[in-house]
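**Q**
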Amino acid sequence: MSNVHIIIPSYNRAHTIVESINSVIKQDYSDWKITIIDNNSSDGTEDLVKDKFKNLIGLKIIYKKFTKTLPIIQNWNRALNEIGDEKYFKLLWSDDTLEPNFLTTAVNQLENLPDNYVGFCSALNYVDLNTKHKFKLRKYGFYGAELWLSFFFKNALGSPTPQLLKTNFFKSFKFDTNNRYAADMIYAAEPYFHRKRFTYCDIPLANLQTSTQTETSQIYGSELMIKNRFDFRDYVIMKFKYLRPILKILSYFVYMTEKLFFKLTGHL
Numbered sequence: 003m004s005n006v007h008i009i010i011p012s013y014n015r016a017h018t019i020v021e022s023i024n025s026v027i028k029q030d031y032s033d034w035k036i037t038i039i040d041n042n043s044s045d046g047t048e049d050l051v052k053d054k055f056k057n058l059i060g061l062k063i064i065y066k067k068f069t070k071t072l073p074i075i076q077n078w079n080r081a082l083n084e085i086g087d088e089k090y091f092k093l094l095w096s097d098d099t100l101e102p103n104f105l106t107t108a109v110n111q112l113e114n115l116p117d118n119y120v121g122f123c124s125a126l127n128y129v130d131l132n133t134k135h136k137f138k139l140r141k142y143g144f145y146g147a148e149l150w151l152s153f154f155f156k157n158a159l160g161s162p163t164p165q166l167l168k169t170n171f172f173k174s175f176k177f178d179t180n181n182r183y184a185a186d187m188i189y190a191a192e193p194y195f196h197r198k199r200f201t202y203c204d205i206p207l208a209n210l211q212t213s214t215q216t217e218t219s220q221i222y223g224s225e226l227m228i229k230n231r232f233d234f235r236d237y238v239i240m241k242f243k244y245l246r247p248i249l250k251i252l253s254y255f256v257y258m259t260e261k262l263f264f265k266l267t268g269h270l
């Protein structure tokens, strides 16, 4: 059994998934396996992967194609059903990549920290999907206050792309299928409700490839995004019985501030 399980949910990503898989193969840490969760792709993804990586299929790479296409968050949960018993796992989107030392850095940090650290998250490069130009650096973590910075301002908890997670803690959790924008924030918030936490690294060890056509770009600044962030805050509020009244007032203030900001900047 491998020590790290990389799970790649995919749907019609024949143009990007080879690069994602290669970024795992090129890791300087070799104790991994990959499971690809194909959400009923129709663009030849399966044939391409099985041809390009035929020597690894069935050994280091498992390919599972499902005959029913699910909404994106439901397919993420389908992927989580495949976690297995490896000590660590990570979700890798089929258009994102890892730097060669991602796994070595993540495993070493988690192995050398107390048990209350259940996840690793590095900084993240935003990469133009077409030109491959790195145009933005995103850092996560904020001196242990990641949950509250995410509540009031923006996601400081981390997205799945730069994360490595401990299987024994996260195996029982699923993504919120009602929240398309902040489902990953809700998932990453779970440790903080159980007196656990992440370790954060300021070095960008993962690359989120994006373009104006991606769902994340299209949702940004929309009513859906603002409502889903409100739902994330509501989820956090429910965990704090005695702070609920004041947190609800603060959440509504943030909601109205975000609406005004995105209206003034032309997103709404």
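When the count follows my numbering, it moves up by one through the sequence shown with no breaks and lands on 270 for the last residue.
Yeah, the Cβ is synthetic: ideal placement off N, Cα and C, and Gly gets one too.
#1: Would the beta-carbon of K81 fall within 8 Å of that of D204?
#2: Can you give the Cα-Cα distance for A208 and T69, rounded to whole angstroms?
#3: Report yes if the C-beta distance between I75 and R182 is below 8 Å; otherwise report no.
#4: Suppose the cutoff is 8 Å on Cβ atoms and the five residues either side in sequence are ignored; what does the same chain contact list for T179 look like?
#5: Going by C-alpha distance, which of F234, N230, Q211 and M240 is nearest S22?
#6: Among F153, F91, E148 and A191, which residue has its Cα nearest to the Cα of N170?
#7: From L131 to S253, what distance separates their C-alpha atoms?
#8: Note down, in chain order, each residue of its chain lying with its Cβ closer than 6 Å to the Cβ of Q111, except the 5 sequence neighbours on either side.
#9: So, under 8 Å CB-CB, F153 and V238 are touching, yes? Tell me the CB distance rounded to an integer number of Å.
#10: Beta-carbon within less than 7 Å of K54's beta-carbon, same chain only, minus the 5 sequence neighbours each way: which residues are those?
#11: In its own chain, which residues sit with a C-beta less than 8 Å from the C-beta of K115, not counting the 5 before and 5 after it?
#12: Give me the Cβ distance between S12 and S43, rounded to the nearest whole Å; I'm assuming they're in contact under 8 Å.
#13: Are the beta-carbon atoms of L93 and P162 separated by less than 8 Å?
#14: Indicate, with yes or no, if the ligand SAH has a heavy atom lying under 7 Å from the CB of V120.
#15: Just to confirm the assignment: which complete beta strand (DSSP E) runs, minimum length 3, are found wholly within the stretch 71–101?
#16: If you measure between the beta carbons of P102 and D33, is that distance less than 8 Å?
#17: Along the chain, where does the alpha helix (DSSP H) that runs through L245 open and close?
#18: Which of helix, strand or coil does DSSP assign to L151?
#19: What are the start and end residues of the beta strand (DSSP E) that includes Y65?
#20: With a floor of 4 residues, list each alpha helix (DSSP H) that falls wholly inside the stretch 166–240, ordered by position along the chain.
#21: Give me the residue from I251, F137 and H7 with the minimum Cα distance to D87.
#22: So, with DSSP's three-state summary, where would you put F55?
#23: Less than 8 Å between the CB atoms is what I'm expecting for P206 and L149, so what's the real figure, rounded?
**A** Short version:
#1: Contrary to the premise, residue 81 reads as Ala rather than Lys in this sequence. No, the pair does not count as a contact, with Cβ atoms beyond the cut-off.
#2: 30 Å
#3: yes
#4: P73, I75, Q76, N79 and A185
#5: Q211
#6: F91
#7: 35 Å
#8: F122 and T201
#9: 6 Å
#10: V20
#11: Correcting the residue type first, residue 115 is Leu in the shown sequence and not Lys. So the list reads T201, once near-sequence residues are dropped.
#12: 7 Å
#13: yes
#14: Among the components of this structure there are no ligands whatsoever, and the ligand SAH is therefore not found.
#15: 90–93
#16: no
#17: Segment: none, L245 is in no alpha helix (DSSP H) and carries neither H nor E.
#18: helix
#19: I63 to K67
#20: 169–172, 185–195, 217–221 and 225–239
#21: H7
#22: coil
#23: About 23 Å; that fails the 8 Å criterion.
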